[in-house]
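Each residue of the sequence shown is one higher than the last, beginning at 66 in the working numbering.
No residue lacks a Cβ here, since even glycine has one placed at the ideal position from N, Cα and C.
No experiment lies behind these values; they were computed from the predicted model shown.
A short write-up of the structure that comes next.
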Amino acid sequence: MAHKTEVAKRRKEAALAVQAALTQAGPGSSQEADNMQGDQDPLSVDPESASASPPPAVPEAVPLLTKTGRLQRNYRLPARYVDHLPAGPVPLPPIAPGSTALPRVILHVRDAFRTSRNRFGICRDYSHRPSHDPDCVTDQLSTYYAKYQPEREEASAAPTDYSPPWPFENMTTYLLMEWLNTGSRTKSIAEVDRLATTVLSHPEFNFADVAGFSARTETKALDRSDNKDAGAVPFLRDGWEESSVVIDVPLGKHDTRGLSAPFTVPGLHHRSLLSIMKAALADVTARRFHFSPFKRLWKPPNGPEQRLFGEAYTSDAWIEEHDKLQKQDNEPGCKLEKVILGLMFWSDSTHLTSFGTAKVWPLYLYFGNLSKYFRSKPGSAASHHVAYIPSLPDSIQDFLGPGSRKPAVLTHCRCELMHKVFDKVLDKDFAEAYRHGFTMECLDGVWCRFYPRIFTYSADYPEKALLALIHCNGTCPCPRCFVKKNDIHKLGQAKDWQTRSNVRSVVVGTILKARNFIYQKGCTIASTLVEALLSAHSWVPTMNAFVEKLSPFTFDPHQMLVVDLMHEFEIGVWKSVFTHLIRILNAAAPGGRLVSELDRRYRLMPTFGHDTIRKFTTNCSEMKKLAAHNYEDLLQCAIPAFDGLLPEPHNKIVLTLLFRLGEWHALAKLRMHTDTTLTQLDSVTTILGQELRRFSKITCASFQTVELPREAAARARRQAKKNTKTTAEATGPNTAEPESSESNIVPETSTSLAGDEAAASATCSSSPPSLSPPVKCKGNGKKHFNIWTYKVHALGDYVKTIRMHGTTDSYSTQTGEREHRRVKRLYGCTNKRNAVRQIAQRERRETRLLRARRAAAAKQEHSHHVLFTEDDALPPTDPKLHHHISNSTKHSQDAFSFGKTYPNDPASKDFGPRLKDHLLGRLLSHQYDGDEHEFSPEDRATIRISDNKIYSAKVFRVNYTTYDLQRDQDSMNPRTHCDVMVMSPETDDGAHPYWYARVLGVFHVKILHTGPASECATEQHMEVLWVRWFGVVPGHRHGFKVGQLPKIGFVPETEPAPFGFLDPALVVRGCHLIPAFDDLRTSDLLSATPSAGRPPGDTDDWKAHQENMN
C-alpha cells in the first residue's frame, strides 16, 4: 500500500508541474501539447460519427513524466489479448424437405440469398441461390499449413486406370521415371537420398524390373500418353501443338514484291484453351472452384454495414457477368446450371540465363474460381502454360532490306505477331464455348454448363501497350483511358479523375481505314495520312485479336488490363523517387558523404519476420540487381534512413513524401479491402499526387542533380552501341520502355546550386519553377525528377480496379514471376538446342506425373497416423495454438546464479526473485499488479523451481489471425527478430494502444506450487519471456494526419522495472522497430557494459526507435 501511495503522490506532483509549465508557455504551447499524442487511426473512425457534430470539449489528461522527461508508464501487466481463429462462412441451409431438385440444378430466376453472419460479423450476399460452396469443406487453416508445415498431396479424382504405374508397365519403372522428372535438376546429395528413400526402398520397387530399363524409351512412352486421341479422359487431351505464325509485312509502293508480303515466324508452342479448361475441371483442384459469386458484407460493432473486397469471384465484374449469364436464354434442350469459368492471364518475356540471349515468352492461365490464397502458391500446380510466344527472328532484317522506315515497320510487325498468336490461342472452339458454353461432369457427379469469361490480363507496361495496340509512352500513354501525357502529373486532381472516366474503346472503323492506306495504297506506317487517323489517341494500325474474336460478346480488352503494383510502383514510381533521392544526396554533399551515411543506416536495419524485411548487405545506393521485394524493403525502412540527411524544409518534405508513399503502398497491397479502406486509398492517392508535385517543385528544383555513376556508364554504353549501328540494324523506339523512366529529360527550367557542400545544404529556391512537361536534353549528364510517366498516372486506377476485379494480390504480376522459376528450372534440364520445345515436353511430363501422384495419394495410410520422420524438437506449430515454445531441456541455466554472469547488470539483477514474483503473480491470477508486486520471502518459498533450472529455447512462435481472416505466424529469436507488441491496459484519452518489448530470453520452467493458495499439487510447466521494456517518446506527434511514425525508446535503468518477465500468451505478434538514426546512440539508458540487456558486443543503445507501420 505504501508503494501505491508513493506512486499516486508522484503522479500528482508531476501533473501540477506540467500544468504550471503549460500555463507559463501560453496558448501556443498548449496547442502543441494537445497534439502530442498524434491523431487517431482513420481506419478506426466511424464514418457516421465523424460527420456528426463534435462532442463538448473535455480537458485532456496531462501526461506524467519521469525524471528523464519520458512519459511515465503504469507498471502493470498488459491487457489480455484474445486470439481469434479464422472462421469460415456459415454453412448453407439444406434444400427444403420434399424438394426433388438436384443439389446442383437451380431455377433460372433471381432468388437473392444472404447467409447468417459468422463470429466476425461477415456474411455473404448471393444474387442467385448457390448450389455449391467449396469453402464449407475447405479447412480455413489450409493457407497456414501450406506456409509453415510440410506440403501434403491431395487425393485426385482421376480415374483409377490412370493411377500409378500408368503410363508404364510396372511400379519400378514409374518410380524411376517419377524421380527423374521431379525434384532438383542437378540431382544433388539430397536427390540421391531421395532416390534411396522414395524409390529403391519403396515396397513395390522390384530390381528384376530394372533389367532392360531405358530412360529414353520410357520418356517416349510418357510423351505418347500426351495424345489427343487417348480416350475420353480430359487431362490426356491438353498437350502441346507447334505451329508457325504468318504476318503480313507492309513494304510500301517502291518494293518490287508489291505493297505487302507474308513473313513466317516459326516456333509457336500452344495448347487448346478448351482442353485446358476440361482438364482443370477433372483435376483435384476443381473441388475448390467457386461457381456462385457473392458479395462479402461486414457489419462492424459500431458502424454501418460495409462491402469487403478480396477474391475475384466476389468482385463487381464477376457478379455482373454471372447475372448477365443467368438472364441469357438457355441452350436448346438444356436445363443444366450455367456457371462461369473465370480466366486470368499472365505473360512476360524472361531471360533463361544470366549470360547469353536465351529467352522465353510464356503465357500463363489461372482460374479465378480458385481462391487467390491457393492458386498463388507455387506448389498448388494451379498455373496452366497456354503458349510460348515466339519473337521476331533476326532474319526479318534481311527480309525488309535497308531503309529509313525499318524501325516503324519492325514495331508494326511485333504488334501483328502478338495478335496473330492470340488469333490462334482464341480459336474457334474457344469462341464457341464463350458463346454457347460446354457441358461436363463435375467431381461430385453433377453436370453443368460452363462458360469461359476473361477477366484480367497481368503484364508490364510495354506488353500492355502491345495488347491495347497503342504507342508506348505516346501522346495518350494509358491503355485504359485517353489521358494526355502532359496531364499525367495532375494525379489526384479533379480534372484527373474526370479524365479517367473517358475510357478507351476500340475504334474498328478507324483502324481498318488506316490499314487500307498501308496495305492497299502503299502508305508508310508513319505517313501523314496514317498519323492523322491514329496519333491523336496513340493507336497503331493493327487489328485487335480479342476484339475480332470476342466483340460479339461485349468483351472490352482494355478493361482486362489490370494495374500492376510491382512494375508500376515498387520498381516504378518508388524506384524513381529513391533513385532521385540518391542524386539529391550526391548534390547536397559532394564526395558521397550523405550517400555513405544512408548506406550505413540501411546496413544497420534489423530484419523482421520470415522474409518481411531482409538484411541489407550491400550498398543500397548502388541498387545492384535489386528485385521488387528489395525495393519494397527499402521503402518500408526509408523514413529512419533518410531522416536528418537533408536540411529543412527539404527534410520534412522528403519524410512526408516517404510516409505517403509507404501509406499508399500499404493500402494498395492490402489483401482485403472495405468500403472505408478504399475511400482512404482514394484520399491518399490525392495526397500522394500533391506530395509528388511538391517534392518536384521545391526540393528537386533546389538541387542541381546529375547522373549516378551507373547511369552515366549505361548512357555511355548506349551511345557507343548507337554509334556502331547502321540505320539498317536500328530497332523501333516504341517496342519497350526506356531503361530509365527519367532518361535524357529535364524540366524547362532548373535551379543551380553552389558547388560546395555548405551552399548545397543551405540553398533553396525562393521561387521554384512551375511544373511543365520535360524536354529532350542531349548528353549533358543532368538528371531531373520526372512525374510525366504512365506509372504515375496508373496510381489513380487502383481503387476502380479493386472494386472491379478484387484486391491487387489476386492479379499481381509477381504470380507470373514466380512461375518463371519453373520455366527456368525446366530450361536447365534441356540440352539448350530447341530449348522451348523441350521445355514444353518436360512441362507436360511433370504435370502427368503430378496427377498420377495425386491419384496415388488417395491410397496412402490414414492421416491420423504419426509419421516416423517427425523428430524435430520444435515440430510444425498447430495453427490453433496462440504460441509455441520448444520443451527441450538441452540448454539449462541456474535460475539463482544467472545474475552472476553479468555482475552489477540491471538486466539480471535479482533475476531469481523477480522470476518467482512473476510466476506467483500468474499462479495467483493477479490481473494488474504483475511485476510491480513484490512478494515476501515466505510467499516465494511456496514456489519450487525443479532443480533450480530454467531451460532456454531458441525460438518463440506466435500465431495470429490477419486482417483478411487468414492464419499467419511470427517467429522471434532473441538473437535476431526479438521485438514484440502487447495490448496496452491504458484507457486514458490519447493512450498508445500497444506496449513494446525486446525479448532477451525465451524460457520454460518446471515448478511446484505449495501452500494454502496452491490450486495444483503436482509439478507444472510454465513458459516465460524475459524482456526489456520500451516507452513512448514524449512530445513526438505521429499518425496519418502528420505523416510520422510512432517513436519509442528503452525505459531508462533509473526508472522502475526497465526489465521484466512476460507471459507469452499476452503477445499479440512481432513488430519491426527501426532505430531513429538521426537521434544517435547513448549509454545513459543502461550503464552496465557488457549487459545481458544488449546484443553481445554492444556498449550503448539507440536513443529511440520508430515503429514501422508499413
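Checklist entry - Leaving out the 5 sequence neighbours to the left and right, which residues in its chain are closer than 7 Å to L723 when beta-carbon positions are compared? => result A703, I704, F707
Checklist entry - Is L757 helix, strand or coil when you go by DSSP? => result helix
Next on the checklist: If you reduce the DSSP assignment to three classes, tell me which class R679 lands in.
Outcome noted: coil
Next on the checklist: In this structure, how does DSSP classify I583 when only helix, strand and coil are distinguished?
Outcome noted: helix
Next on the checklist: I'd like the span of the alpha helix (DSSP H) that includes T329, first residue to last.
Outcome noted: Note, T329: premise wrong, no alpha helix (DSSP H); beta strand (DSSP E) at 325-335.
Next on the checklist: Between the alpha carbons of P714 and S767, how many angstroms are there, rounded?
Outcome noted: 11 Å
Checklist entry - Would I312 pass as a contact of L482 if the rule is Cβ separation under 7 Å? => result yes
Checklist entry - In terms of alpha-carbon separation, which member of P199, Y453, V660, F1105 lies closest to L726? => result F1105
Checklist entry - Per DSSP, S523 is paired with what? => result W411
Checklist entry - What separation, rounded to the nearest whole angstrom, lies between the Cα atoms of L753 and Y429? => result 34 Å
Checklist entry - Under the three-state reduction of DSSP, which class applies to A273: helix, strand or coil? => result helix
Checklist entry - For the putative contact between C507 and L346, defined by C-beta atoms under 8 Å, what is the C-beta separation to the nearest angstrom? => result 7 Å
Item to check | Neighbourhood of T263 by C-beta, 8 Å cutoff - its chain only, sequence neighbours within 5 removed | outcome: L240, W244
Checklist entry - Where does S1156 sit, in a helix, a strand or coil, going by DSSP? => result coil
Next on the checklist: Cutting at 8 Å between CB atoms, please list the residues of its own chain near D148, excluding the five before and the five after it.
Outcome noted: H947, N1024, Y1025, T1026
Checklist entry - What is the DSSP secondary structure of E1051, reduced to helix, strand or coil? => result coil
Checklist entry - Can you give, in chain order, each stretch of the beta strand (DSSP E) that sits fully within the stretch 1038-1086 and has at least 3 residues? => result 1044-1048, 1059-1074
Item to check | Euclidean distance between Cα positions of M625 and I553 | outcome: 22 Å
Checklist entry - Would you call the stretch 1086-1099 and the stretch 1115-1126 in contact, with 3 or more CB pairs under 8 Å? => result yes
Next on the checklist: According to DSSP, R179 sits in a beta bridge with which residue or residues?
Outcome noted: D190
Next on the checklist: Could you give the first and the last residue of the continuous beta strand (DSSP E) run that contains V595?
Outcome noted: Premise fails: V595 lies in the alpha helix (DSSP H), 593-599, not in any beta strand (DSSP E).
Checklist entry - Taking the C-alpha atoms as reference points, what is the distance between S109 and Q745? => result Residue placement at S109 is poorly supported in this model, since its pLDDT is 38, which falls under 50; the coordinates are not used for a value here.
Next on the checklist: Between P617, L691, D348, which has its C-alpha nearest M505's C-alpha?
Outcome noted: D348
Next on the checklist: For the alpha helix (DSSP H) containing H694, name the first residue and the last one.
Outcome noted: 693-701
Checklist entry - When you compare only the Cα positions, how much space is there between K529 and Y855? => result 11 Å
Next on the checklist: Quick check on this structure: which residue in Y499, S523, E728, Y522 has the alpha carbon closest to the alpha carbon of R514?
Outcome noted: Y499
Item to check | Paired residues, beta bridge with H1101 - DSSP | outcome: Bridge partners of H1101: none, in fact.
Item to check | Length of the line joining the Cα atoms of S357 and W512 | outcome: 15 Å
Item to check | Touching by the beta-carbon criterion (3+ pairs, under 8 Å), the stretch 782-791 and the stretch 731-742 | outcome: no
Checklist entry - How many Å lie between D862 and H1069 at the Cα? => result 52 Å
Checklist entry - What are the boundary residues of the alpha helix (DSSP H) that includes W562? => result 559-565
Checklist entry - Secondary structure at T770, three-state DSSP: helix, strand or coil? => result coil
Checklist entry - How do the stretch 477-492 and the stretch 556-570 stand: do at least 3 beta-carbon pairs fall below 8 Å, yes or no? => result no
Item to check | Inter-residue Cα distance where the pair is V811 and K403 | outcome: Model confidence at V811 stands at a pLDDT of 31, short of 50, so the residue's coordinates are unreliable and nothing is read from them.
Item to check | Contact test: C537 Cβ vs the ligand FMN heavy atom, cutoff 6 Å | outcome: By its list of ligands, the structure shown contains no ligand whatsoever, and the ligand FMN lies outside what it can speak to.
Checklist entry - First and last residue of the beta strand (DSSP E) that includes A423? => result That residue, A423, is in no beta strand (DSSP E); it is neither H nor E in DSSP.
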